[in-house]
Amino acid sequence: KLNKFTVKIAYPDKWKDYSKLQLKSEKDGGTLYSNLQNVESWSYNKELEKIGKPVDKSEWGMSPQTVNAYYNPVNNEIVFPAAILQPPFFNPNADAAVNFGAIGGVIGHEMTHGFDDSGAQFDGDGNLTDWWTAEDKTNFEKATKSLASQYDKYEPVKDVHVNGTFTNGENIADLGGVNIAFDALQMYLKDKGNPGKIDGYTPEQRFFLSWATVWRTLSTDKYMSNQVKIDPHSPGFFRSFGPLVNTDAFYKAFDLKEGDKLYKKPEERIKIW
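Quick note on numbering: the sequence shown equals residues 1 to 273 in full-length UniProt numbering.
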């Protein structure tokens with residue numbers, strides 16, 4: 001399945017035709033509501049035009065201006081719009097370890113979505129089918145339940161907990177993404193050479209610090225209480241270290257010992273991908 005991945009980066013080769021979309025300024029009698037109505041109508045008609053036609057696999061499900069990325073299980077593709085290829089996710093002037101920890105983690109995250117609790121139900125050709133062995137499926141479900149239990153304990157607001165089951169797909173992707181990106185960094189350092197410490201931090205430390213940095217957020221308790229109900233992503237604060245406590249390389253990088261706040265016993269660290 002991994003070998004069949006399609007990768008789309010920055011922007012589509014074929015742009016959408018917006019000529020039939022009518023938007024009016026306030027001066028010309030337009031309002032926010034009327035323009036949104038026109039956008040919805042245009043989008044709906046675009047979908048109707050697809051009926052009876054072959055699927056256009058070159059089409060993007062996200063605009064280049066969107067700071068995000070996604071995995072599409074039906075097309076078995078990972079997509080990275082131009083807008084995410086900028087700080088804090090990607091900086092061409094930054095040290096390699098910083099970029100591996102940021103955009104590298106995002107790339108690994110989207111790759112892992114192909115093998116999370118939802119993406120794993122689709123094979124390499126995008127078919128919804130039971131293609132796993134019974135043993136693999138059992139082991140996978142056991143590990144993912146453990147991960148859900150870990151996130152269930154996180155409390156962003158007093159008496160408000162993260163829903164580990166609801167956020168499980170994203171948490172699996174974060175865990176896999178960190179491991180993929182870290183392995184890629186090690187390959188890079190072996191090939192290009194280890195630059196050593198920068199600003200007092202090793203490449204491995206810079207990698208994990210960069211991962212944590214991209215999830216910095218600031219929100220009110222009211223917003224956070226609502227987020228855990230509607231967003232399948234865990235709050236950024238918990239994404240910053242949630243996967244790291246299961247990653248052996250994180251312990252080695254910062255020499256974490258039993259008794260440290262983020263320490264987790266080796267036998268309790270969750271391994272999925």
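Here a beta-carbon is modelled for each residue, glycine too, at the ideal position from N, C-alpha and C.
- Taking the Cα of Glu77 as reference, the smallest distance to any Cα among Glu155, Phe238 and Gly124 is reached at Gly124.
- As summarised for the stretch 34–113, the continuous alpha helix (DSSP H) elements at least 4 residues long and confined to that stretch are 96–101 and 103–113, given in chain order.
- With 16 or more other CB atoms across the displayed protein chains lying within 10 angstroms of its CB, Lys8 is buried.
- By alpha-carbon distance to Asp13, the top candidate from Glu40, Glu26, Asn35 and Lys57 is Lys57.
- Linking Ala134 to Thr167 through their CA atoms gives a straight-line distance of about 24 Å.
- Comparing alpha-carbon positions, the option among Tyr33, Arg269 and Thr138 lying closest to Tyr251 turns out to be Arg269.
- For the 8 Å CB-CB criterion, Ala181 and Gly52 do not form a contact.
- DSSP places Asp13 outside both helix and strand once states are collapsed to three, so it counts as coil.
- If you look at Val178, you'll find it in the alpha helix (DSSP H) that goes Asn168 to Lys192.
- A residue is called buried when at least 16 other Cβ atoms come within 10 angstroms of its Cβ; Thr31 does not meet this threshold and is exposed.
- The three-state secondary structure of Tyr263, taken from DSSP, is coil.
- Judged by DSSP secondary structure, Phe207 falls within the alpha helix (DSSP H) whose first and last residues are Pro203 to Thr213.
- Cβ neighbours of Met111 within its own chain (closer than 8 Å, five residues either side excluded): Leu2, Phe5, Tyr71, Ile78, Gly176, Gly177 and Ile180.
- Burial check for His109: the Cβ neighbour count within 10 Å reaches 16 or more, so the residue is buried.
- In the structure shown, Val157 adopts extended strand secondary structure according to DSSP, grouped into three states.
- The Cβ-Cβ distance between Ala120 and Tyr11 does not fall below 8 Å.
- Just so you know, the alpha carbons of Asn35 and Gln65 end up roughly 19 Å apart.
- Here Gly104 is buried. Its C-beta has 16 or more other C-beta atoms within 10 Å.
- Per DSSP, the unbroken alpha helix (DSSP H) holding Ile230 starts and ends at Asp221 to Ile230.
- A straight line joining the alpha-carbon of Asp174 with that of Arg239 spans about 7 Å.
- For Thr6, the secondary structure class from DSSP, reduced to helix, strand or coil, is strand.
- At a Cβ-Cβ threshold of 8 Å, Gly169 and Pro73 do not count as neighbours.
- The way I'd put it, the stretch 138–146 does touch the stretch 256–273; three or more beta-carbon pairs between them come closer than 8 Å.
- For Ser146, the uninterrupted alpha helix (DSSP H) run begins and ends at Ala134 to Asp152, by DSSP.
- DSSP places Tyr251 in the uninterrupted alpha helix (DSSP H) bounded by Asp248 to Phe254.
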